[in-house]
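Some notes on the structure that comes next.
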Amino acid sequence: MIGFIFKRFIQSFIVMFLVALLAFTMFNFLGDPVNQMVGIDTTAADREALRDRLGLNDPLLVQFGRFVSNAVQFEFGQSYQHKRAVSGLILDRLPATLELSMIAAIFTLVVGVPMGVYTGLHRDSLLSKIFMTISLVGVSLPTFLIGILLIFVFSVQLQWLPSFGRGEVIDFGFWSTGLLTATGWKAIIMPAVTLGLFQMTLIMRLVRSEMLEVLRSDYIKFARARGLASRAINFGHALKNTLVPVITIAGLQLGSLIAFAIITETVFQWPGMGLLFLQAIQVVDIPIMAAYLMLIAFFFVMINMIVDLLYYVVDPRLRVDATS
Amino acid sequence: MGLRRSLIAVASVAAICAASGAQAKTFKWAFQGDAQSLDPHTLNETFTLGFLSNVYEGLVRRGPDLQILPSLAESWELLDPNHWRFTLRKGVKFHNGNDFNADDVVFTFDRVRMDGSDIKTKVAADTKVVKVDDYTVDIITSQPNPIVYYEWDNVLIMDKEWAEENNATAPTDVTKDANNYAAFNANGTGPFKIVERETDVRTVFKPNPDWWDEAKHNVTEGIFTPISSDATRVAALLSGEIDMMYPVPVQDIKRIDSNGGTATLTGPELRTIFLGMDQKRDELLYSNVKGKNPFKDKRVREAMYKAIDVETIRKKIMRNLSTPSAIMISPFLFSKSAKYERIGYDPEAAKALLADAGYPDGFELGMDCPNNRYVNDEAICQAVVAMLAKVGVKVDLLAQPKALYFKKVLDFDTSFYLLGWTPGSFDSWNVMFNLLACRDENATRAKFNLGGYCNPDVDKLTDEVLVETDPETRDSKIEAAYDMVAEDVGYIPLHQQGLAWAKKDSVDLVQRADNQFMLHFVNVK
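As they're listed, the protein sequences go chains A and B. Those letters in the first sequence? Residues -13 to 310, by this note's numbering. Those letters in the second sequence? Residues 6 to 530, by this note's numbering.
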């Protein structure tokens, strides 16, 4: 177990290093940050001086080396646009994104799993067909379109929910939460549904197909033959055995929920890291982009590790393999 | 005395209103981005400066029609051609209670010329700013400059003591420790104070009860939210969550106007959109013409001009939100602009001109275009490409985000490009100096003359206009220069891009042609 974690740790480091390298190569193709930092009247000499002070004239390898040596000390420099330390900026935005992703993930599981179970058990019922149609919409429509549609219906037409922002937030110093106020909850509904819809349909379809497969297996037939209540069979035996792939997917999807919050955050002007990142791309704010990409890579690596560890808990066969 | 008494009256009325809360008028507005910093000297950009002009003020300010009005300076006079005397307004206080005086002016004019400031171009490095007494400041320039104060509405005055107390005497420098106090706190003399700010989320303004001028607005609280997504910004207005927003995407203008209770405000902006051609290189880049540069031939430039149907661009792409231009400055900013007319659209004549110049089958050409800088910029370029194709000029369009586009064209790595220009001083000299004069080796002048158009007479006039103090002569020199550029077909001006704001019907406000929105013009019914 310790060896496994250690191995994973080394791998994670390599992954993060490669992400940094790739990101850095990409930044070269994004354009010139200096022209985005000054007004149009600024002289060429002043622009060149600024470029020099930012170290943008150094060879790429030198810039990369500097970035890595700072990054291992959790130092990501100053944002070109916000004129603030990037670490502080990201920490400010982290709560909004994590809250949104968590609510979206909960929505995904709480709605997706029961829908999957239901459609698995009652394949031909009308409700199942409705669910499957909805899921098709969720898979095929792009996120921003779903967001705009929701805004159109619930903000513009019905005027129930706010079209942008996070509502009132309560600040605890290091963490700000919108989950303790009514406006905060109202504001999170549409972004969370928009963000979670794709994942929800994925989970639903996954649970459904797993259920269909498990229900055909011998031990379920035996259970039926034993005369167990169908409730106990469906939930106690069948559902439990569908969970391994569901955990894998749900875990990995949590990473993508955080990473793909970019679009949702932009549509709903949700003040999270994704919005910060997207705006940073437009103005080539390299320190923010670099820090964000590293953080997302870190999340993915961590989530993968936790998912791997969870297998041990859920699937006893793995424990047997490891000890033998 | 009278002023002071009325100020006290205003203050007490404001206090009563605040106490009763009965007449609270909250005004909420949105823009596509946020001010980058509260430091008024870090970025020379329309929105940031307009946003901060609610809080800070300059020696002069601009009224609804952009006319220059006294602000923190009550009056000014020219003692001799190089020597200006500014008399400052007495009894003005900063939001923290400090008095405004000549020290603050001298301090600010030094601060804007430090490293890290982006307002440097508004005050020449060799201009001397001298305190005569507490309320008199002399400005001594190295050469006569009749428009020395034209951009000083955007040189926003900071309190010297406040800056010193908070260690913010220099503008935020991104390369050093950037957490500058002035970037997150504001202390001006203006009509509003910032009481709450979370970057990119919201900024709350409250009226300044001690403002020196009589408040013409009735706003008791202003809440600003940046909303970057166009569709969301429109939705937020339609749903009534905000009272005003800009810019309006042109395709949504109809929608907002047809919705009950909301309307758009449109008008010409000061920005001129134009096409430029490389006339400097001996061989054109990105072209199949080798060994020569077709744009050096006036006939070819004229053919390009004639091939472009600017009316179609106005109707189909700009949805009437543009005014075709014949000169390189907004007609609003030059008194003699009415006489200029565009060369008419005539593709047949264009073909004939090209054949005349030795290109009967046209030629191939690369074009650079931004795709997120101006209103429908990429669509305009695509239309231009299609129109030029009809006369045989095959254009290979490279439309890129502004970050990439500007990197390329500011290195003069282009042969044909689309650019927009608003003179920061609202004066022709800026246009002449940046776009029309001859570009030298180091691009110390005509830095944005990306095609290297050069007519020595225009170049000479540029220098003369700078120091000419007689308004009549000055205007006729400017006119002569514009005449020459039109005669040379040095550029192809396309149009003045339009401004589009949208607001609730219950709100009154002023739309200024420079696209700056001022909270103190707002009245909420």
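Each residue gets a CB set at the ideal place from its N, CA and C atoms; glycine is no exception. Predicted model, so just to flag it, every value in this text is computed and none were measured.
* Decide if residue 395 (chain B) is buried, meaning its Cβ has at least 16 other Cβ atoms within 10 Å, or exposed. => exposed
* Is the beta carbon of residue 541 (chain B) sitting closer than 9 Å to the one on residue 54 (chain B)? -> There is no way to answer for residue 541 (chain B), as the model of chain B reaches only from 6 to 530.
* Asked: Per DSSP, which one or two residues make a beta bridge with residue 405 (chain B)?
  -> In DSSP, residue 405 (chain B) forms a bridge with B:375.
* **Residue-level contact to chain B via CB, residue 26 (chain A), 9 Å cutoff** => At a cut-off of 9 Å between C-beta atoms, residue 26 (chain A) counts as an interface residue with respect to chain B.
* Completely contained alpha helix (DSSP H) runs for the stretch -10 to 48 of chain A, where each covers 4 or more residues -> 19 to 23, 30 to 39, all fully within the stretch -10 to 48 of chain A.
* Counting contacts by CB-CB distance shorter than 9 Å, is residue 381 (chain B) in contact with chain A? -> no
* Asked: Under 8 Å Cβ-Cβ, which residues of chain B neighbour residue 236 (chain A)?
  -> Here the premise fails: no neighbours, minimum Cβ distance about 29 Å.
* Look at residue 129 (chain A) and residue 249 (chain A) and say whether their C-beta atoms are less than 9 Å apart. => Yes, the Cβ-Cβ distance between residue 129 (chain A) and residue 249 (chain A) is below 9 Å.
* To do: Could you tell me if residue 192 (chain B) is buried or exposed, where buried requires 16 or more neighbouring beta carbons within 10 angstroms of its beta carbon?
  => Under a 10 Å Cβ-count criterion, residue 192 (chain B) is classified as buried, with 16 or more other Cβ atoms of the shown protein chains found around its own Cβ.
* Tell me, please, whether the CB atom of residue 4 (chain A) is closer than 9 Å to any CB atom in chain B? => no
* Identify the contact partners of residue 5 (chain B) in chain A, using a Cβ-Cβ distance below 7 Å as the criterion. => Shown here, chain B extends from 6 to 530; a query on residue 5 (chain B) therefore has no answer.
* Sequence-distant residues of its chain with Cβ nearer than 8 Å to residue 118 (chain A) (five each side left out) -> 105
* **Cross-chain neighbours of residue 429 (chain B) in chain A, by beta carbon under 7 Å** => Within 7 Å Cβ-Cβ: 27.
* Asked: In whole angstroms, what separates the C-alpha of residue 516 (chain B) from that of residue 506 (chain B)?
  -> 8 Å
* If you measure from the beta carbon of residue 410 (chain B) to each beta carbon in chain A, is any gap under 9 Å? -> Put simply, the CB of residue 410 (chain B) is near chain A, with a gap under 9 Å to one of its CB atoms.
* Given residue 324 (chain B), which residues of its chain have a CB within under 8 Å of its CB, disregarding the five upstream and five downstream residues? -> Result list for residue 324 (chain B): 255, 256, 258, in chain order.
* Any beta-carbon of chain B closer than 9 Å to the one on residue 22 (chain A)? -> yes
* For residue 69 (chain A), return the contacting residues in chain B, with the cut-off set at a CB-CB distance below 9 Å. => Ordered by position in chain B, the residues that pass the 9 Å Cβ test against residue 69 (chain A) are 41, 42, 44, 47, 177, 178, 179, 183, 184, 185, 188.
* Leaving out the 5 sequence neighbours to the left and right, which residues in its chain are closer than 7 Å to residue 150 (chain A) when beta-carbon positions are compared? -> Excluding residues within five positions, the ones whose Cβ falls inside 7 Å are 254, 255.
* Taking the Cβ atom as the reference point for each residue, do residue 144 (chain B) and residue 91 (chain B) lie within a distance shorter than 9 Å? -> yes
* To do: Determine the direct distance from the alpha carbon of residue 511 (chain B) to that of residue 240 (chain B), and round the result to whole angstroms.
  => 17 Å
* To do: Measure the beta-carbon distance from residue 467 (chain B) to residue 504 (chain B) and round it to whole angstroms, keeping in mind my assumption that it falls under 8 Å.
  => About 29 Å separates the two Cβ atoms, so there is no contact after all.
* Taking only the alpha-carbon atoms, compute the straight-line gap between residue 391 (chain B) and residue 259 (chain A) and give it to the nearest angstrom. => C-alpha separation (whole angstroms): 41 Å.
* **Cross-chain neighbours of residue 518 (chain B) in chain A, by beta carbon under 9 Å** => Going along chain A, no residue has its Cβ under 9 Å from residue 518 (chain B), so there is no contact; the nearest lies around 18 Å.
* Does the separation of the CB atoms of residue 527 (chain B) and residue 224 (chain B) fall below 9 Å? -> Taking 9 Å as the Cβ cut-off, residue 527 (chain B) and residue 224 (chain B) qualify as a contacting pair.
* Asked: Between residue 433 (chain B) and residue 357 (chain B), is the Cβ-Cβ spacing less than 9 Å?
  -> no
* **Element boundaries [beta strand (DSSP E), containing residue 501 (chain B)]** => 496 to 509
* To do: With DSSP as the reference, label residue 143 (chain A) as helix, strand or coil.
  => helix
* Under 8 Å by Cβ, that's how I've got residue 328 (chain B) and residue 501 (chain B) pegged, so tell me the actual separation to the nearest angstrom. => 5 Å
* To do: With DSSP collapsed to three states, give me the class of residue 123 (chain A).
  => helix
* Asked: When Cβ atoms are compared, which residues of the stretch 442 to 454 of chain B fall closer than 9 Å to chain A?
  -> 447, 448, 449, 452, 453
* Starting from residue 161 (chain A), follow the beta strand (DSSP E) in both directions and report where the run begins and ends. => Where residue 161 (chain A) is concerned, there is no enclosing beta strand (DSSP E), given that its DSSP letter is neither H nor E.
* Asked: Within the chosen definition, does the stretch 290 to 304 of chain B reach the stretch 367 to 374 of chain B through at least 3 CB pairs nearer than 8 Å?
  -> yes
* To do: For the stretch 127 to 161 of chain B, list the alpha helix (DSSP H) runs that are entirely contained and at least 4 residues long, ordered along the chain.
  => none
* Using a Cβ-Cβ cut-off of 9 Å, state whether residue 159 (chain A) counts as contacting chain B. => no
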